[in-house]
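Student: At position 19 of the sequence shown (counting the first as 1) the number is 19 in full-length UniProt numbering, and the numbers step up by one without a gap.
Please find one structure pasted underneath; my questions will follow.
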Amino acid sequence: MPSDSEIGPTCHRLASFKPPSTYTRAMATTRASAESMDRQTQCKRNSLERDLVLQGRLDASPHPVLTLPNEIVSEVFVHFLPIYPETPPMIGRSSPNVLGHICKKWREIALGTPALWRGITLSLSNGKRFDQKIRLLRLWLQRSGSCLLSIHMDLDLEVDMPSRGGDADTNPAATIDLFTHAIAAHCARWEYLQLYSPTHPFPSVTGPLPFLRALTMGSVKPLVNGTPNADSLTQALHAAPLLRDVAVVFWREHCISLYPWSQLTAFTAHSVLPHLCADILACAYNLTYCSMFVYARSADEVIQTSQNVTHRNLSSLILRGYLPRHMSWQFLDIFTLPPLCKFEIEETLLQGDPIGRLKLFLSRSRCSLQGLYLNRTTVDVESYRVALPTVGPIINGETDPVNPWAVPRDEENESRRIADGDNTQMQMQA
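Here it is in structure tokens:
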């Protein structure tokens, strides 16, 4: 055991011990906090170093999507657009231009994919930025390479508007000429063309149209027979072997000579005089679809005809429009259509006794009508159903404003278009 001499100094030291001061405790707390922060900083530094190493590895190996062959990326880009021949906008989020804003590689692929630029839609109706639009049009035509083209252009400008300086921006006629000449230079690649130019004639076409399938023309200003513009267009259309579908916004009598009627399977026209309908169906004996807006401002414009047209291929017919009251002859009496399956008509074209006229027409045609769509009816549709029990369904346009049959290509025409597409590819490869 320790002796008293040893215990004494120890007890003295214990008696003189004082607890640490507040300052000392604060220093200890600060020191402990600093050590904790050092440990956390070191952990974050280690984590950052690991992330940098991982990022370096990722940078060294490209993203999987960037390893795809250019051909696959190009095909993906094409599927970004509306299904051809539908056309994308030339500017905006749905434009193929957006694909070139992602990265340099994608821009190179987009610019090197002509199929992205083969669908062109352009409108001048807002009257702005003509210089920008003509540059954009020429750029797309250049980028499309040798691809066939689907073009939809609305050149709705007032040609009589006074010019202010004579340049393309202020002279509407000169502006329209710029755009029509730009696309006319590529007429050999036209496949689907919609050109609406209310106050300007169709552009002069000097080359062949070997791939043109569908044509929509809209112009108030007619092409006068015998002029170079009309003669060149007539010659070109008659040398367009694939042309099957024609739509004319404003029909004129002299247009009869423009088109190769024997090869057309679909035809749409607006403002057709009644007696010209018979001429059209007589010429276009291979039509399977026809839609005409029949119009006459007065009875003086209507030439009475005794012609009766029997058509052996027409399965879908749409007749809309207006005729003067108390006409001396009945419009529907000029048609006999044995293969007719789907029929839309405005009741005003039936003149007087609509149900009786329809029964007479169906009896004469001996057709198996699978659907009847009636517009602007004054007779109750149920009366039609009772009088025509073998026809069905009979749809009232007042309650069902969308005609489910108003489609210019039926299955037969679509299969023919696909077959023609195979032939087109073979011709282009040749």
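Glycine included, each C-beta is placed from N, C-alpha and C at the ideal position.
What you are looking at is a predicted structure, and each value in this text was computed from that prediction instead of being measured.
Are residue 133 and residue 122 touching if we call contact CB-CB under 8 Å?
Tutor: Your numbering for residue 133 matches position 133 in the sequence shown. Your numbering for residue 122 matches position 122 in the sequence shown. In this structure, residue 122 lies closer than 8 Å to residue 133 by Cβ.
Student: Pick out whichever of 141, 309 and 365 has its Cα sitting closest to the Cα of residue 275.
Tutor: Here residue 275 corresponds to residue number 275 of the sequence shown, with the count starting at 1. With distances taken between Cα atoms, residue 275 lies closest to 309.
Student: Please report the Cβ distance between residue 151 and residue 106, rounded to the nearest whole angstrom; I am assuming they are in contact, meaning their Cβ atoms lie under 8 Å.
Tutor: By one-based count along the sequence shown, residue 151 stands at place 151. By one-based count along the sequence shown, residue 106 stands at place 106. Their Cβ separation, rounded to whole angstroms, is 26 Å, which puts residue 151 and residue 106 out of contact at 8 Å.
Student: Does the beta-carbon distance from residue 94 to residue 85 come in below 8 Å?
Tutor: Here residue 94 corresponds to residue number 94 of the sequence shown, with the count starting at 1. Here residue 85 corresponds to residue number 85 of the sequence shown, with the count starting at 1. With contacts defined as CB atoms closer than 8 Å, residue 94 and residue 85 fail to qualify as a contacting pair.
Student: Taking the C-alpha atoms as reference points, what is the distance between residue 367 and residue 313?
Tutor: Working through the sequence shown from its first residue, we reach residue 367 at position 367. Working through the sequence shown from its first residue, we reach residue 313 at position 313. Near 12 Å, if we compare the C-alpha coordinates of residue 313 and residue 367.
Student: Report the start-end ranges of each beta strand (DSSP E) in the stretch 180–217 that is 3 residues or longer and not cut off at the edges.
Tutor: Runs of the beta strand (DSSP E) inside the stretch 180–217: 190–196.
Student: CA-CA distance, residue 209 and residue 381?
Tutor: For the purposes of this step, residue 209 is identified with residue 209 of the sequence shown, where counting begins at 1. For the purposes of this step, residue 381 is identified with residue 381 of the sequence shown, where counting begins at 1. Taking the straight line joining both Cα atoms gives about 46 Å.
Student: So, for residue 167: in the same chain, excluding its five sequence neighbours on each side, which residues have a beta-carbon less than 8 Å away from its beta-carbon?
Tutor: On the sequence shown, position 167 is the one that residue 167 refers to. At residue 167 the pLDDT is 45, less than 50, meaning the model places this residue with poor confidence and gives no usable figure here.
Student: On a CA-only basis, which of 80, 362, 399 and 352 is nearest residue 339? Give me that one, please.
Tutor: Taking the sequence shown and counting its residues from 1, the one referred to as residue 339 is at position 339. Cα-wise, what sits closest to residue 339 is 362.
Student: Taking Cβ to Cβ, would you say residue 206 is nearer than 8 Å to residue 232?
Tutor: The residue given as residue 206 occupies position 206 in the sequence shown. The residue given as residue 232 occupies position 232 in the sequence shown. Against a cut-off of 8 Å, the Cβ pair of residue 232 and residue 206 comes out as a contact.
Student: Check residue 53 in the structure and name its three-state DSSP category.
Tutor: For the purposes of this step, residue 53 is taken as the residue at position 53 of the sequence shown. Helix.
Student: Excluding five sequence neighbours on each side, which residues of the same chain lie with their C-beta closer than 6 Å to the C-beta of residue 346?
Tutor: Within the sequence shown, numbered from 1, the residue matching residue 346 stands at position 346. Here the set comprises 320, 375 and 376.
Student: Taking the alpha carbon of residue 112 as the point to measure from, which residue in 102, 92, 74 and 218 has its own alpha carbon closest?
Tutor: Position 112 of the sequence shown, counted from the start, is the residue given in the question as residue 112. Of 102, 92, 74 and 218, the residue nearest in Cα terms is 74.
Student: Is the beta carbon of residue 182 less than 8 Å from the beta carbon of residue 141?
Tutor: In the sequence shown, counting from the first residue as 1, residue 182 sits at position 182. In the sequence shown, counting from the first residue as 1, residue 141 sits at position 141. Yes, they are a contact pair.
Student: Around the C-beta of residue 400, are 16 or more other C-beta atoms found within 10 angstroms, so that it is buried, or is it exposed?
Tutor: Position 400 of the sequence shown, counted from the first residue, corresponds to residue 400. The residue is exposed, with fewer than 16 neighbouring Cβ atoms inside 10 Å.
Student: Taking residue 320 as part of the alpha helix (DSSP H), name the residues at either end of that continuous run.
Tutor: For the purposes of this step, residue 320 is taken as the residue at position 320 of the sequence shown. Element bounds for residue 320: not the alpha helix (DSSP H) but the beta strand (DSSP E), 316–322.
Student: Only counting the same chain, and skipping five residues up and downstream in sequence, which positions put a Cβ closer than 6 Å to that of residue 239?
Tutor: Taking the sequence shown and counting its residues from 1, one reaches residue 239 at position 239. For residue 239, where only same-chain residues beyond five positions count, the Cβ hits under 6 Å are 208.
Student: Closer than 6 Å by C-beta to residue 186: which residues in its own chain qualify, once you throw out the five before and the five after it? Chain order, please.
Tutor: Counting from 1 along the sequence shown, the entry for residue 186 is found at position 186. Within the same chain, residue 186 has close Cβ partners 141.
Student: Taking the alpha-carbon of residue 297 as reference, which of 389, 108 and 273 has the nearest alpha-carbon?
Tutor: What you label residue 297 is simply residue 297 of the sequence shown in a count that begins at 1. Residue 273 is the option with its Cα nearest to residue 297.
Student: So for residue 291, helix, strand or coil by DSSP?
Tutor: Numbered from its first residue, the sequence shown carries residue 291 at position 291. Residue state for residue 291 is assigned as strand, using DSSP reduced to three classes.
Student: To the nearest whole angstrom, what separates the beta carbons of residue 391 and residue 369, a pair I think is in contact under 8 Å?
Tutor: As a position in the sequence shown, residue 391 is number 391, starting the count at 1. As a position in the sequence shown, residue 369 is number 369, starting the count at 1. Confirmed, Cβ separation roughly 5 Å.
Student: Pick helix, strand or coil for residue 137, following the three-state DSSP scheme.
Tutor: Here residue 137 refers to the residue found at position 137 when the sequence shown is read from its first residue. Three-state result, residue 137: helix.
Student: Decide if residue 259 is buried, meaning its Cβ has at least 16 other Cβ atoms within 10 Å, or exposed.
Tutor: Reading the sequence shown from its first residue, position 259 is the one you call residue 259. It counts as buried.
Student: Quick one: does the C-beta of residue 274 sit closer than 7 Å to a heavy atom of the ligand NAD?
Tutor: The ligand NAD is not part of the structure shown, which contains no ligands of any sort.
Student: Name the two residues that bound the continuous alpha helix (DSSP H) containing residue 347.
Tutor: Numbered from its first residue, the sequence shown carries residue 347 at position 347. Neither: residue 347 is in no alpha helix (DSSP H) and is coded neither H nor E.
Student: Pull up the distance between the alpha-carbon of residue 49 and that of residue 79, whole angstroms please.
Tutor: Locating residue 49 in the sequence shown gives position 49, counting from the first residue. Locating residue 79 in the sequence shown gives position 79, counting from the first residue. Cα to Cα, the separation comes out at about 42 Å.
Student: Quick one, are the C-beta atoms of residue 244 and residue 213 less than 8 Å apart?
Tutor: As a working note, residue 244 is residue 244 in the sequence shown. As a working note, residue 213 is residue 213 in the sequence shown. Yes. Within cutoff.
Student: Going by C-alpha distance, which of 267, 304, 307 and 300 is nearest residue 289?
Tutor: The residue given as residue 289 occupies position 289 in the sequence shown. When each option's Cα is compared against that of residue 289, the closest is 267.
Student: DSSP beta-bridge partners for residue 149?
Tutor: Counting from 1 along the sequence shown, the entry for residue 149 is found at position 149. According to DSSP, residue 149 bridges with 190.
Student: Is DSSP giving residue 166 helix, strand or coil here?
Tutor: Locating residue 166 in the sequence shown gives position 166, where the first residue counts as 1. Because the pLDDT at residue 166 is just 41, under 50, the model does not fix this residue reliably, and the value given afterwards should be weighed accordingly. Coil at residue 166, not helix or strand.
Student: Who does residue 440 pair with in a DSSP beta bridge?
Tutor: Outside the shown range of the chain (1 to 430) lies residue 440, about which nothing can therefore be said.
Student: Measure the Cβ-Cβ separation of residue 153 and residue 179 and say whether it is below 8 Å.
Tutor: By 1-based counting over the sequence shown, the position of residue 153 is 153. By 1-based counting over the sequence shown, the position of residue 179 is 179. Yes.
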